[in-house]
Amino acid sequence: MTHHASGHALILVDTDYEDLELQYPKYRLIEAGLGVTVAGPRAGERYLGKHGYPQTADIELSNADPGQFDVLLIPGGWAPDKLRRSEIVTSLTARMSEAGKVVASICHGPWVNISAGVVAGRTYTSSPALIDDLRNAGAHWVDQEVAVDGGHISSRRPDDLPAFCAALLRVVEGR
């Protein structure tokens, strides 16, 4: 099954991102025909994943215009715990969610969504470490490989990536 979609995805990166949760969806989105831009604290900086895979940021987070992107992808790992402390990141996430864009997060990625205030009333899944955080922020937490609630897509761990990417591409293609 070949996917063909259009649009542009923004992927967040910082040190200790979960390697597979960034790289796997990045290449699936490219394969499906989307433009992909990776944003980090500094443009041109090389960020190492938890397992040592390097990812260079194409642009600085502060230069990411939510209006230019259709999809926001938030990989897990320890990076989301740093990214969620940035007002630039939480504002970007809130603005994209409010505009009805696709917001896809996996594992510890929903930490960013919680800090952005966009999970209340939505169904989410995540790393089990975030169950209390998501429930306390008003989300309905489910233990399944992927949860889709409107434009919000979430998964638990790297093993869920096939289901996560399939759901992500279905939602993107349906828009």
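Heads up, the sequence shown is in the numbering used here, so the first residue is 1 and it goes up one at a time. Note that beta-carbon positions come from the ideal geometry of N, C-alpha and C, so glycine has one too. The structure presented is a predicted model; accordingly, all values stated were derived computationally and were not measured.
I need the boundaries of the alpha helix (DSSP H) containing V118, first residue and last residue. Note, V118: premise wrong, no alpha helix (DSSP H); not H, not E.
Could you pull the DSSP bridge partners for T125 from this structure? According to DSSP, which records beta bridges pairwise, T125 is partnered with nothing at all.
Any idea what DSSP makes of P162, helix, strand or coil? When DSSP states are grouped into helix, strand and coil, P162 belongs to the helix group.
Could you give the C-beta distance for Q68 and H8, rounded to a whole number, given that I count them as a contact under 8 Å? The Cβ separation is near 6 Å, so the contact holds.
With DSSP collapsed to three states, give me the class of M1. Any reading at M1 must be qualified, since the residue scores a pLDDT of 46, below 50, and its modelled position is unreliable; the value itself is stated next. DSSP places M1 in coil when its eight states are reduced to three.
Check whether the stretch 92-111 touches the stretch 40-59, counting contact only when three or more Cβ pairs, one atom from each stretch, lie closer than 8 Å. Here the stretch 92-111 makes no contact with the stretch 40-59; the two share fewer than three CB pairs at distances below 8 Å.
Taking the Cβ atom as the reference point for each residue, do P24 and L161 lie within a distance shorter than 9 Å? This sequence places Tyr at residue 24; Pro is not what is there. Yes, Cβ-Cβ distance for Y24 and L161 is below 9 Å.
So V172 and A5 are supposed to be a Cβ contact under 8 Å. How far apart are they, rounded? The pair is a contact, with the Cβ atoms about 5 Å apart (cut-off 8 Å).
Compare the Cα-Cα distances from V103 to each of I74, V142, I30, H51 and report the closest residue. Of the residues I74, V142, I30, H51, the one whose Cα lies closest to the Cα of V103 is I74.
Do E145 and R156 have their CB atoms nearer than 9 Å? Their beta carbons are under 9 Å apart, which means E145 touches R156 by this criterion.
Helix or strand or just coil, what does DSSP make of L20? Residue state, collapsed to three classes: helix.
Starting from P54 and walking both ways along the beta strand (DSSP E), at which residues does that stretch end? First-last of the beta strand (DSSP E) with P54: 54-56.
Determine the direct distance from the alpha carbon of A79 to that of V71, and round the result to whole angstroms. Separation of V71 and A79 (C-alpha to C-alpha, rounded to the nearest whole angstrom) is 19 Å.
Can you grab the Cα-Cα spacing for the pair G151 / G52, in whole Å? So the two alpha carbons sit approximately 31 Å from each other.
Taking 8 Å as the line, does the beta carbon of G77 fall inside it for any heavy atom of the ligand PLP? This structure does not include the ligand PLP; it has no bound ligands of any sort.
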